[in-house]
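**Student:** Here full-length UniProt numbering is used: the first residue of the sequence shown is 1, the next is one more, and so on.
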Amino acid sequence: MSDTPGHHNQPDQPDLPEQPAERDQPAAVQPKASEIFADSMAGAARRAGFGAATEGEPISGQALLTAMGGIRGLVEAVLPGLVFLITYSLTIDPSTDVAMDPVGTLLPSLVAPLVIGVIFVALRAITKQTMTPALGGLVGTAISVALALISGKPSDFFLVGLWTNAGYGAALLVSVLVRWPLIGVAVGFLMGDGVAWRLDASKRRVLTILTLCWTGLFLGRLAVQLPLYLADNVELLASMKLLMGIPLYAPLLVVSWLMVRSVYRKADAAGAV
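1. Roughly how many angstroms separate the alpha carbons of G239 and L85, rounded to a whole number?
2. Once the 5 residues before and after L210 are set aside, which same chain residues still bring their CB inside 7 Å of it?
3. CB-CB under 8 Å to L226, same chain, minus the five flanking residues each way: which ones, in chain order?
4. Could you tell me the distance, in whole angstroms, from the CA atom of A48 to the CA atom of A67?
5. Relative to the ligand SAH, is the shortest distance from any of its heavy atoms to the C-beta of A166 smaller than 7 Å?
6. Within 10 angstroms of its Cβ, does P154 collect 16 or more other Cβ (buried), or is it exposed?
7. Measure the C-alpha to C-alpha separation of T91 and G152 and round it to an integer number of angstroms.
8. Could you tell me which uninterrupted alpha helix (DSSP H) segments, each at least 4 residues in length, are contained entirely in the region 41-79, listed from first to last along the chain?
9. Within the region 176-219, note down every full alpha helix (DSSP H) run reaching 4 residues or more, in order along the chain.
10. Tell me which same chain residues have a C-beta within less than 7 Å of the C-beta of V263, skipping the five on either side of it?
11. Of the choices G167, L147 and F218, whose alpha-carbon is the least far from that of F158?
12. For M131, name the three-state secondary structure that DSSP assigns.
13. Taking A238 as part of the alpha helix (DSSP H), name the residues at either end of that continuous run.
14. Mind checking whether G81 and P133 have CB atoms under 8 Å apart?
15. Nearest to L253 by CA position, among G51, L149 and T164, is which residue?
16. So L64 packs on A250, CB below 8 Å; how close in whole Å?
17. Return the chain-ordered list of same chain residues with a C-beta closer than 7 Å to the C-beta of R265, the five sequence neighbours on each side being excluded.
18. Would you identify the three-state DSSP class for D93, choosing helix, strand or coil?
19. So, helix, strand or coil for residue 274, using DSSP?
20. Based on Cα-Cα distance, which residue from G43, S175, L177 and V75 lies nearest to P113?
21. To the nearest angstrom, how far is it from the Cα of E235 to the Cα of G192?
22. If you pair each beta-carbon of the region 32-47 with each one of the region 176-190, do three or more pairs fall below 8 Å?
23. Using the rule of at least 16 other Cβ atoms within 10 Å of the residue's Cβ for burial, across every protein chain shown, is V111 buried or exposed?
24. On the criterion of 16 or more Cβ atoms from any shown chain inside 10 Å, does A196 qualify as buried, or is it exposed?
25. Does the distance from the C-beta atom of T215 to that of L173 stay below 8 Å?
26. I119 to L243, Cα distance in whole Å?
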């Protein structure tokens, strides 16, 4: 019996063998910077619509529609600008001095596309679809609305688009000048080719031409729309933005698919010989 109250004698416990110390678990393998870069470039090519170039199926209207996000993606891309153009045309008197009361004058035409963007986000949330495209569009629209309200110039609604075209066009042009055409870099990683395409004269030539074509798209938009912005010709600027959007993007994407598939098929055929 133990002399200490409240304690009971316990049977002797057998000596337990010492447990070996836990071995250090191997740390999770962190992706290398080169792998992260490759994945990001391949992802960029897919988001731009080049994913169909890796598939062997015939190019079709359905494939093109899917690459552009389907019917919903097209509506989300076109409708805010179209709603702005219609609302602006119906609510703004050409003789009105917008600068005198920018908020009161521009509010209907600026709020309308913003409401459309919120509806797109809500619909994607309700249907449990990825919200990234709609959220991106909503943020872009919100920035455009803020710029127009702050400056009192309705044409500033299109500043984000002008900056985007200038940025993409300049980046693509510089990449060609330094002989690392960005379309080639993105497509190379998408096709599992890495940067090996630079050693193939045929691939290098085709991917450089493609990069120049996309450069022409962005800089061509800028060349047409910037003078309209400077002239504050809002209705024509809005119309040209719509006309130079999907109607130019879609056929260039199809041409890009054909060129990429053609040059890679030739390379694969040559490698199989």
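Beta carbons are placed, not taken as given, at the ideal position from N, Cα and C, and that holds for glycine.
**Tutor:** Short version:
1. According to the sequence as given, residue 239 is Ser; it is not Gly. If I take the Cα positions, the gap works out to 7 Å.
2. I183, S256 and M259
3. L162
4. Taking the straight line joining both Cα atoms gives about 8 Å.
5. Here there are no bound small molecules, and the ligand SAH is not part of this structure.
6. buried
7. Near 16 Å, if we compare the C-alpha coordinates of G152 and T91.
8. For the region 41-79, whole alpha helix (DSSP H) runs of length 4 or above, ordered along the chain, are 61-67.
9. 182-190
10. Closer than 7 Å at Cβ, skipping near neighbours: S202, K203 and V206.
11. L147
12. Secondary structure of M131 (DSSP, three-state): coil.
13. V234 to L243
14. Not a contact, by the Cβ cut-off of 8 Å.
15. G51
16. The distance from the Cβ of L64 to that of A250 is about 6 Å, consistent with a contact at the 8 Å cut-off.
17. If we look at R265 and ignore the five residues flanking it on each side, it has no Cβ neighbours.
18. coil
19. Here the chain comprises residues numbered 1 to 273, so residue 274 is not present and cannot be evaluated.
20. V75
21. 45 Å
22. yes
23. exposed
24. exposed
25. yes
26. 24 Å
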